[in-house]
Structure formats: structure tokens, C-alpha cells
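A quick write-up on the structure given underneath.
Protein chains in written order, with the working numbering: chain A, 10 to 330; chain B, 14 to 358; chain C, 516 to 820.
Given below as C-alpha cells:
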């Protein structure tokens, strides 16, 4: 069966007075119908930009400079703005990182949810209210009727995020791009929201592109994952396989850096150095400057994503057989 | 704090400021060099007459008592007498105020109706030609001296083109042949209400230049403030979220973002209303418009000092009240200001 | 944070601006042609004002000496801006008017900023009832429309430039007091101030050596930009008859003197002084706008990535 989303060799560039910032340099991955796909990496690696690029909402002056984004087989990058507007919020929805910033402070929850439903013709008249209450209740929000009249700032962070997810689900989208949906929430609430997401995803067979910096979250909830570094995917594949048989020094470094309760009292292993500036044009592997296994070829030739196992690719000269 | 508490607090502050304003004008009026009694009666008044006036006006009482008397008199509407017209200032203002209000209200309305949409469009099209032109034009608008701008337009529209009259509220012909029956004091309203269309047209022609000159600053300011506020608003996450939900640009601009972005403009409009009354002083001189502005200008020339105090006082109080009103409107629009605590999950 | 003197700090900042980093605020500012133009205009204006007596063949007329023989001549090569009702060369009058405008404006700005800064710093630093009292006073003064209050105060005394300047200053200072107070309050809680207090440094010293140097730069910039508004207010006062008595040169007074003459077609009498006023004020405002755009990337309309 054809994946509902196919990103192929996507390039995004932000022109600045100091030069072009290459936010994405040739990113490719596929998401299947109803799949939970993790996009993981540090801040600035391009994961948020990927989500925006798919919806063609990259913040100006940034722009997509190459590649294809196939949604149900049709290239989104070739569509007109009108056509994109039909898709956004209806077939592809986005859940934002900071729910208190993503909800309009001057409109009630009810107004915002019904606004989306009205826009996409999903319901009319009295049915609008019913569906809104339904969506909110499905997200575990009790007293949904009263909630409709509330303003965003009257709700806690967890409730706000549930509302956001309700808004993404109320139109029966095929794909939800969840950009760090739990980063702004308390740890205990985080788990609740993630569980909810997984449950809803399975109930409604909705694909979710889960963007996060938290490896633990990915390991718990996702079926497949793509690891980003400096605008490129360095490792990609099934979650199980990838985390148990990591085949890229960066991913290994990330996992090794996680505190292990068995090694209490030892120093945390860090990845040496820091992420290079996105303004530099790097020939060769982006991670070369910090890799402990770096070889001469790594600095000269950019390693392509090659299969290193069953449903497992890595962009590393070490593992290129 | 609840909406009620917030409003009460603002009201209290407003009253306090009004009291302070009264104190300042009182102090100023007592600082005037020269004997107020003599100023009122003229240089040839007899000592008995002077003493009588002093008694009548309470000028011999200790200062705090005078201040209290002053406040009480002001609250009752007694603002003193004009040396020039020899009438109670309040009576003069009753005639002059509507004339000025006609100009100022028209100018402010024009500013909102024209300025806000242009500002919104400027924010939407930022960086492009429309925006650059609007930047220079609006800065010119807030920089141009009102009295010079008025002269320039007079030069163009009266002297060169003969399209519009030189000044005044209505032409002599209308005054003599089609006088307007005064109800509200506004010529436009009164002429329309009484069906006096000849006079109405005449009044409109006379209003065009003064209102336009007076409106230049408010319109420019409204455009700039709206644009700046909208640019800020448009960069907020909830706007991107709205786009991601598929709402179209026009709806986002004029319904969602505008509600969020209009607050600073509304606040400034209150300020602008007061500024316009001040600007009216300059504009009314040029167009010989019989309003508070020219009343004030005549008072300056004739050293009719109590008129100055009275006009300043009245305008300031109007200004304070308008600012209070703007606060209240903002509280009505923005729920965050009035509603209190958050609910826990 | 070591107490570097205010002067040293500002000089360092200025020299650093001469070759700016691309993408920095100063870099944008240098590329903003309109802002650069406005700086040129202002510098030109100052030069014209300073060298006025040498730039015109009619310096005495500029100062006010009449020459009835040449009255009300339209613009010509001998008199590029024409002559006024008393026969004086309008160009000369405009040049000398620039001097009046600058002197008046600078005086107003210096005095009101000084006074406002002191009061604002005291209010912001000490807080409590001192702050309340000072803030209520500024509230009351800020409630008045500045021009009206200035006109009223100026009318109370003898008409004259000094009186006008005093009147305007009295309406101007509360604004700066507010600004400085806000800045001081935000700096007051910084570590180095608390440290200085902990050591027992005298409060006044703290204000002048630690707090003020850090907050003054934006205030001074604002004050310089407000020079345009000060000049406008002075000319408005002169226009209604308060301010310099004739025959001294003042743009606002010139517009007033000349305004009845346009009915007879002698358009040049009020037009040129008013134009000078407009150009000056516009230059200040464009400059201020340019600075604001350079300092605030969001206002440029460039989104953050």
C-alpha cells in the first residue's frame, strides 16, 4: 500500500544577510497510513521546518528550494495556495508546541473549534456545538459544554493541549503533524497526553508525525523514526531495530548521553564539540567534526542513506558495506 | 481582579488626576502677575469697585479655602468670566464647543475608518512598494505643522482652484438667507434634521479643509500604530496555527488578527482625540472657525487669562474621561484584563 | 560589573558602530537610505544654523532689521525666497530662524531630560511612597494636553522665548521621568546593584555610577529624537503669539506674520518658513523611524526562523 506521505529530497533555505542558512538539505522519508512516525533531533536540526514545509507554511523569508512532498500521491509543492488551504486543517492538521500561544486569547474555545469546522464545512448550525462537545469529551475533557465558553488563559497547559488536539481531530484528518506537543507541559501531564495521542491514533487510524527532541518519547510511542542532524537525516527505520542496533555515531551518542540509573554516580557521556553553524557549507558528513570514529573520507564525501539492516538505513561511511 | 474592581480602580485614579489637574490650574491662576480684580474691571476702576470684586470672587480668603471654593464652583459649571466678552466662560463654551467637536469628531472618525484598514493592509504587504510609500506618507503626516498645512491647502483650494471657501462655518449668504436653526450645535446635524439642504451643502464645503487638515495627524498615526501592532500580531503563533487550520488570509487579517491588534490603536485614538482638540487651536485660526480653538487664540492675544485656564481645564477633563472610556472598551474586548484565575486541569 | 564611566561606554559603542556586522541593527540602519538621508538633512540644518550669518548677503535682515524699500518681492535671483512685508530677505530669515529653533529645542530637551531623569531615577530606585508621590505628580502633568498647558503657562508671564521654553519644559519632563523610572526599576533588581547595596555603597553613588549609565542610552536617543517635537511646539507657541517677540526670527512667528498675505497672492511669505519647519521635523521623525526599524527585527516584517 502506498504511504500517505512521501517526502523526497526536500531542501529548505533561509536567506540571511550573512548568507544562506540551509535548514533542510535533502530530507526523505515516508509515512504510512495510520502510522506513528517520530522525527527526532536537537534544537535547530530542522525538524520543525520539516513540518512547516509539508504544509507550505515555512516562515518567510525561508523557502522550499527543492524536492517533492507527495500526499496521497499528489505533490503538495506544486499545488496552488487555494488548494493548500483546502488541505490544511482538513486532511493535514498541525498541533503546536506551546498551546497557550497557539490558541487565540481573545476568542472562546467554542468559537475556535467551531470556526475550523465551519471553515471546512464539516458541520452546520446546531451540529457544530454537538461535534465540538464530542471532540472535547473524546480528549478526556470533562464538562465540555462549559469549556466552550471559556477563554484559553482560563485553562491549564494540559487542558489547552487537549483542546488543540481536539481541534486537529475534529475534522477527521489523515495526517497530524505534532510539533513537540508535550515540551511545554509538566512531566506527569506529558504522559497523559502522549497516551491519549496513541489511543486516538489507533482508534481513528490517523497518521501522526511526532516531532520531538525526546528519545524516550519516540521509543515509547512511535513505530518508525528518523533521526535528524543539521538538516539531514542520519538514521532512519523501525524504532525497535534502530534503538537496539543503532548504526550511526550520532544516534549512539544521543543514547549514550541518557542518564542510566544503573550507572549512578558516573559522569554523563556527552557528545564532544557543538553543532556547526548552519551558515557553513559542509562538504562531507555533517557530524564529522564531532564523531569519534571519523575517517578521512567522512570529511570529503557526504555519506548517503544506505540500508544497514531490515528496514534500517544509516548515513555513515562506517556502516556502508 | 474582577472586571468591577479593575474599573473602579481606574475610575478612582481618574478622579484623583482630575483633582490634581484642578490644583494645577488653581495654582497657575494665583501665580498670574497683576491683580485679577483690576484685570477684570480695567485700569480705571475705583478702589471700592475693586474691593467689591475681590469680595465677590473670594480673592481675600486664605488659599486652601479658595481652592475648595474653586473646586465647588467648577463642579457647578462656574468657570469664571472672560475679560473680553464679559460673559461667563461657560456660556461662551456652550457656543464654541459644538463647533470644535464637529471638527474633532469628524477627524477622529475619519482616522479610524481610513487609517485602520490601510494599516492592516500595510502589515499584510510589508516590505513591498505599498508599505514603503505608506511609511513616508505617514511620517510626513505626523510631521507636518498643522498651521502650515492648512495654509498650503488654502492656497491650493481657495486661491488657485476656487473650489473651497476660505474659512468660517457657513458663507454669509447662508447666514442671511438660509440660517440654520440650532438644536445640537452641529451645523451638519441641525441643517439635515431641519431639511435645510442648501445650508447643509454649504456647511459641508466649509468643513472639508479644516477636517482634512485636522485629520492628517490622526490618520497617519492610526495607520502607523495599526500596522505596527498588526505586524506583531501576525507573527504570533496563533496566526500560524490559524493558517495551518486552513483559514484564508482575509479572514485571518480582518477578523482574528485585528481583534488582537487593535488595542494599541484604540488607546492611541483617545490620545489623538485630545491632540486634535489642541490642533484645533491652530487650525481654527487659519480657517476662522468659531470654535474653542479660536476662542483660546483670542484669549492669548488679549491676555484673557481665565479663559485659558477654563479651556485647558475642560479639554483636560474631556481627555481624562476619554482615556477612561478607552480603558473600559479594552476591558470589554480583552477577557484577560478582567477575568481572574485559571482553572486547573 | 565594573563601573565603567558613561562617557567611555558610549564612545566604545559609537566606534563599534562604524563597521557593523551584517544582519545587525546598525547594519540595517546604514542601508536604510531614507534614514541616512534624514541624518544628512539634520546635519545640514545644524550647519546652516551655525553658519547662518556667513551664508547670506543679508545677515542684518535675518536678525530683524527691516528694509521697507524691498518689501513683498516675489522670489528672484537676488532673493530666492522673496521678501517679507518689512522687506527682509526671507531666506536670511529662515536661516536665522533655524538658530532660534535649535537653541530653543536643545534647551527644552536638555532641561526636561535632566529634570525628568533625576526625578525618575529617584522614583524608580527608592520605590515606596517616594515613587507613589512622584508618579502621581507625573500622572497629573501628563493628563494635560501638552500644547494647551504650555500655552496657558506661557501666557501667565511675560511673552518671550524664555517663558515659552520654560512652559514647554514643564509639560515635557514627566514623560522622561516615566521612561527613566521604568528603566531604573528594571535594572534595580540586577545582581550588580544588589551587590553594591550589600557592600554598603551610598545610594546616590549607586544611582549615578551603576544604574544610570546602563539605562541612559535609549533615553538619550529618545530625547534627541524628541527635539523635532520640541521645535514644533515652540513654533506653535510662536504662531499664536507667545514666544519670541518680533523682530526676532522664528519660523512659527514668520508663518503667522505671513498668513494674511496669501490672500493677496504673496504665497512665499509663510510658505518657506513653514517648509523649513516641515523638513526639519520630518527629518527627525524619519530618523526615529529608521532607528526603530533597525533595532526591532520584527517591525521589519522579517519572520524569525
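Cβ coordinates follow ideal geometry from the N, Cα and C atoms, glycine included. Predicted model, so just to flag it, every value in this text is computed and none were measured.
C-beta neighbour in chain B for residue i, strict 8 Å
i, result
"residue 125 of chain A", "yes"
"residue 546 of chain C", "no"
"residue 678 of chain C", "no"
"residue 750 of chain C", "yes"
"residue 584 of chain C", "no"
"residue 660 of chain C", "yes"
"residue 250 of chain A", "no"
"residue 591 of chain C", "no"
"residue 326 of chain A", "no"
"residue 623 of chain C", "no"
DSSP-derived helix/strand/coil call for residue i
i, result
"residue 659 of chain C", "coil"
"residue 323 of chain A", "strand"
"residue 181 of chain A", "coil"
"residue 32 of chain B", "helix"
"residue 109 of chain B", "helix"
"residue 304 of chain A", "coil"
"residue 161 of chain A", "helix"
"residue 31 of chain A", "strand"
"residue 102 of chain A", "strand"
"residue 244 of chain B", "helix"
"residue 83 of chain A", "strand"
"residue 128 of chain B", "helix"
"residue 171 of chain A", "helix"
"residue 614 of chain C", "helix"
"residue 571 of chain C", "coil"
"residue 765 of chain C", "coil"
"residue 150 of chain A", "coil"
Strand pairing of residue i, partner residues [DSSP]
i, result
"residue 251 of chain B", "Residue 251 of chain B pairs with nothing; no bridge assigned."
"residue 47 of chain A", "A:219 and A:234"
"residue 40 of chain A", "A:14"
"residue 72 of chain A", "A:22"
"residue 94 of chain B", "B:101"
"residue 598 of chain C", "C:604"
"residue 78 of chain A", "A:16"
"residue 680 of chain C", "Looking at the DSSP assignment, residue 680 of chain C forms no beta bridge with any residue, so it has no partner."
"residue 315 of chain A", "A:323"
"residue 186 of chain A", "A:103 and A:218"
"residue 242 of chain A", "A:237"
"residue 148 of chain B", "In the DSSP output, where bridge partners are listed per residue, residue 148 of chain B has none listed."
"residue 97 of chain A", "A:101"
Cβ-Cβ distance between residue i and residue j below 8 Å
i, j, result
"residue 111 of chain B", "residue 198 of chain B", "yes"
"residue 675 of chain C", "residue 760 of chain C", "yes"
"residue 286 of chain B", "residue 121 of chain B", "yes"
"residue 748 of chain C", "residue 689 of chain C", "no"
"residue 34 of chain A", "residue 293 of chain A", "no"
"residue 117 of chain A", "residue 141 of chain A", "no"
"residue 328 of chain B", "residue 308 of chain B", "no"
"residue 20 of chain B", "residue 344 of chain B", "yes"
"residue 257 of chain B", "residue 103 of chain A", "yes"
"residue 597 of chain C", "residue 588 of chain C", "yes"
"residue 549 of chain C", "residue 805 of chain C", "yes"
"residue 624 of chain C", "residue 745 of chain C", "yes"
"residue 320 of chain B", "residue 312 of chain B", "yes"
Within-8 Å CB hit, residue i to chain C
i, result
"residue 353 of chain B", "Residue confidence for residue 353 of chain B is low, a pLDDT of 38 falling below 50, so the modelled location carries little weight; the figure read from the coordinates is stated next. Not an interface residue."
"residue 321 of chain B", "yes"
"residue 160 of chain B", "yes"
"residue 295 of chain B", "yes"
Minimum Cβ-Cβ distance from residue i to chain A less than 8 Å
i, result
"residue 251 of chain B", "yes"
"residue 259 of chain B", "yes"
"residue 347 of chain B", "yes"
Continuous beta strand (DSSP E) assignments of at least 3 residues falling wholly in the region 291-351 of chain B: You should have found no qualifying run.
In chain order, each beta strand (DSSP E) run of at least 3 residues that lies wholly inside the region 244-300 of chain A: Taken in chain order, the whole beta strand (DSSP E) runs of length 3 or more contained in the region 244-300 of chain A number zero.
Completely contained alpha helix (DSSP H) runs for the region 173-203 of chain B, where each covers 4 or more residues: Whole alpha helix (DSSP H) segments, 4+ residues: 185-190.
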